[in-house]
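Q:
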Amino acid sequence: MPSKVALVVCALVCGSVAAVLPKRDKTITIPDDVQWHPETQDICTATQYTDVISFFLGNYLTHAATVVKFPGEPFCITLLNMVLVILFPCLGAGRGLMMILRPSVRFKHPLQRALHSSALVMVIRSREWKPRDGDLLRSLSLRPDKVDRFGNDPDQYWRIAYGRKNLIGTYEKLYVKSTRLKLPLDSELLTEIPPWLLMNYGWTTRHMHVLKNYKVSGHYELPEGYGLVYVPTNALVEDTLGREQLDQIITPSYDLAGGIIAIIQIFFACSTLYQSRGYQINVYGYAAFGFTVLPYLFMSLVNLIANCVAPNYSQLHLVHTEIMEEAIQRGGNFTHVVGKLESEPLHVKSLVVFLGAFRQNGNEMQCRLGEKLYMHNSTEPMSCDSLYKSEHKQYLDTDTYKDAENSVSALPSENTTRGKESEEEKKNGENRLELDAPVCPILINPACYCFKLAYQNTSSTSILHRNRHYGPRSTLFAAAVWVIAALSLIPIGIMSGFKANDSTLAQRVWLMAWYAVGIVSVSNPFFSDWIVGRGYDRAIEIRSHMKEHSGTNKTSTGFTWIRGSIFSMISLLGYLALFATPAIGRFVVVGQQLLAYGSCTGL
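Mapped onto mature numbering (1 follows the signal peptide of the UniProt record, and there is no 0), the consecutive letters of the sequence shown carry residue numbers -19 to -1, 1 to 584.
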């Protein structure tokens, strides 16, 4: 009882004391350089330039380090990709998606894994290739002079497919017992990518040729007239080395550093996006600068998945082919050849092909046509020797070609007019070759011969199925890239309701233009290779034409071509500048918003 009384007395005393004490002041004194936004519970301080730099560095520039690298990619391509993905985030999505779609992770054998990672390359003839004395070539064709409107395509085999019916009559006129096609040594023999190579690439043909700066395992020397292309993933590549040697030469790795940077960039972007809610959206609406990290957030996520599932190869690896053997005979040297790709007879599809034997006579290269024409659905054999043992071997081994009649002057001009016949020939009524202008059609030489396949990835290798084969695939891939790039619009709509609020028209125009360009501008994952390759080829061609026409009139055809090439390069730079303008404008707008908005923290 006394204890209860004591507790009551204590409570009364404490209450009395509390009643006479002054009330606590809950107000906060805010300095002059700090802003308080009670509606969103945000405190904002003046933005320093270091805040702007850290925002750009953490949200934009770090994304460049997450871009996946393709096998053997040189530093110049990697650097260009880093610049382009900052301007066009969808480029990073395209490269990451391409790596994810490659099924290399399913293969345990090092050769097959490298094949499906596009890390194997083979030797082909380039457009500078010229025949030599004694060459026996197969799968040759003629360039048709006249084609219908559907045949007006830059691809020479496309023209052949549409004009093949007319080629049969042309070939019959060309092939007579003593016919010789005379090829001047300075003429251009058209060497083109044949359908049996072109139609076996999976998604696109934009990444066939290997640029000169790409890294190739071992030592290789390509003679003049040869280049490298990627081996199609459905090719039947056989081992030439043991498993231990393959494991030592073909050494894939996973980009751990790129994966870690991608994770850091994802967290940084998520933090920036979280901080944009509240007052920032109330001020700028859907033009808030915090939303500009969203494209990079999704690109880094795609690149992170690609780095986890797809192996990375620092070098490309050579595969032996029949054309490589031909290059070796012309002085080529190759080491670290990890596999071989066997040739097989060509099953002709929508073409007209034949054999040819070449013999040099002074400043001319003479071609003897084969005695058989291989047309649609026929099979051209691999061996040329048996077909040239009698008449053709005699043509190569003797000098009777000097007295041959009915010879025609061939290549390269399509405007060659029919030569005048001598009065003696008219009187004697000798056999002569009658052709419409041009007198001799241009020969088309394949860059490589038909090779064995592990499986078919297209219903037909006919060049007429090119658009049907690559059209839907390229469209689906581009659509997938666009969808990934457009995902950034979903959080913007959810968080802002696409309300303008207090943002200016210029801010909305610049940022939405960048979102639009970033979605649809560059879906080609090999865009940087295309730029470098096109620029390099044009520079070489301009230099050679300038040397060739150094002493000619400035109004000549050669200088007209040079001016046209320079103009095309300027047009390419203008195209890049046009699409990069919204990205640059976005940087300016974001910088202005950061300085005006301040550095805010929610309570």
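All C-beta atoms, glycine included, are put in the ideal place defined by N, C-alpha and C.
Output needed for K433: all residues of its chain with C-beta closer than 6 Å, excluding positions within five of it in sequence on either side, in chain order.
A: Cβ within range, chain order: L217, E323 and E325.
Q: For P427, name the three-state secondary structure that DSSP assigns.
A: Correct three-state label for P427: strand.
Q: L299 and V197 - do their beta-carbons sit closer together than 9 Å?
A: Result yes, Cβ atoms of V197 and L299 sit closer than 9 Å.
Q: Which word fits S120, buried or exposed, when buried means at least 16 other C-beta atoms lie within 10 angstroms of its C-beta?
A: Flag for S120 reads buried.
Q: Out of curiosity, what's the CA-to-CA distance linking K50 and I245?
A: Taking the straight line from one Cα to the other gives about 19 Å.
Q: Under the three-state reduction of DSSP, which class applies to N342: helix, strand or coil?
A: Strand at N342.
Q: For D220, write down the residues that DSSP places opposite it in a beta bridge.
A: For D220, which the question treats as bridged, DSSP gives the partners G320.
Q: Less than 9 Å separating the beta-carbons of H328 and C429?
A: Cβ distance not < 9 Å, so H328 and C429 don't count as in contact.
Q: From the DSSP output, read off the bridge partner residues of F279.
A: Bridge partners of F279: none, in fact.
Q: Going by the DSSP bridge assignment, what does G208 pair with across the sheet?
A: The partner list for G208 (beta bridge, DSSP) reads I105.
Q: Going by beta carbon distance, what residues of the same chain come within less than 7 Å of K158, once the five residues before and after it are set aside?
A: At K158 the pLDDT is 42, less than 50, meaning the model places this residue with poor confidence; the figure from the coordinates comes in the next sentence. So the list is empty, once near-sequence residues are dropped.
Q: So is A435 buried or exposed if we call it buried at 16+ other beta carbons inside 10 Å?
A: So A435 ends up on the exposed side.
Q: How is the alpha helix (DSSP H) around T253 delimited, first residue to last?
A: From DSSP, the alpha helix (DSSP H) with T253 extends over L237 to Q256.
Q: Classify Y195 as helix, strand or coil using the three-state DSSP reduction.
A: In the structure shown, Y195 sits in coil (DSSP, three-state: anything other than H, G, I, E or B).
Q: Please state whether DSSP places T442 in a helix, a strand or coil.
A: Correct three-state label for T442: coil.
Q: DSSP puts F335 in a beta bridge; with which residues?
A: Note: F335 sits in a beta bridge opposite L121.
Q: Span of the beta strand (DSSP E) holding L299?
A: Note, L299: beta strand (DSSP E), H298 to H301.
Q: State buried or exposed for S364, treating a residue as buried only when at least 16 other CB atoms are found within 10 Å of its CB.
A: Classification for S364: exposed.
Q: Looking only at DSSP bridge pairs, what is T360 linked to?
A: H328.
Q: Where does N293 fall in DSSP's three states?
A: Three-state DSSP puts N293 in a strand.
Q: In three-state terms, what does DSSP make of L479?
A: Leu is not the amino acid found at residue 479; the sequence shown has Phe there. F479 falls in the coil class under three-state DSSP.
Q: Buried or exposed: which applies to G579, given that a residue is buried once 16 or more other Cβ atoms fall within 10 Å of its Cβ?
A: Under this definition G579 is a buried residue.
Q: Please list, in chain order, all residues of the same chain as P276 whose beta carbon is under 7 Å from its beta carbon, the five residues on each side excluded.
A: Around P276: P70, A466, S469 and G499.
Q: Could you tell me the distance, in whole angstroms, from the CA atom of M550 to the CA atom of L60?
A: Near 20 Å, if we compare the C-alpha coordinates of L60 and M550.
Q: Going by DSSP, name the residue or residues bridged to T562.
A: Answer is none; T562 lacks a bridge partner.
Q: Using DSSP with H/G/I as helix, E/B as strand and the rest coil, what is I456?
A: Just to set this straight, residue 456 is Thr in the shown sequence, not Ile. Three-state DSSP puts T456 in a helix.
Q: Could you tell me the alpha carbon to alpha carbon distance between A287 and G77, rounded to whole angstroms?
A: The straight-line gap from Cα to Cα measures roughly 5 Å.
Q: From T153 to V462, what distance separates their C-alpha atoms?
A: One detail in the question is off: residue 153 reads as Glu in this sequence, not Thr. So the two alpha carbons sit approximately 51 Å from each other.
Q: Go through its chain and collect everything with a Cβ distance to Y294's Cβ below 7 Å, but skip five positions before and after it.
A: P52, G53, A95, S98, A100 and P233, listed in sequence order.
Q: I'd like to know if P472 contacts chain D, where contact means its C-beta is closer than 9 Å to some C-beta of that chain.
A: Within the model displayed, chain D is absent; a lone protein chain is all it includes.
Q: Locate the alpha helix (DSSP H) running through L60, then write down its first and last residues.
A: Start and end: F56 to L68.
Q: Give the DSSP-derived three-state secondary structure of residue 585 in the structure shown.
A: What the structure shows of the chain is the stretch from -19 to 584, and residue 585 is not part of that stretch, so it cannot be assessed.
Q: Count the other CB atoms, across all protein chains shown, that sit within 10 Å of the CB of Y265; report buried if there are 16 or more and exposed otherwise.
A: Buried.
Q: Check whether the Cβ atoms of V318 and L209 lie closer than 9 Å to each other.
A: No.
Q: For L2, which three-state DSSP category applies?
A: Its pLDDT being 47, under 50, L2 is placed unreliably in this model, and the coordinates cannot settle the point.
Q: Tell me which residue opens and which closes the alpha helix (DSSP H) that H31 is part of.
A: The question names His, but residue 31 in the sequence shown is Thr. Counting along the chain, the alpha helix (DSSP H) containing T31 begins and ends at Y30 to F37.
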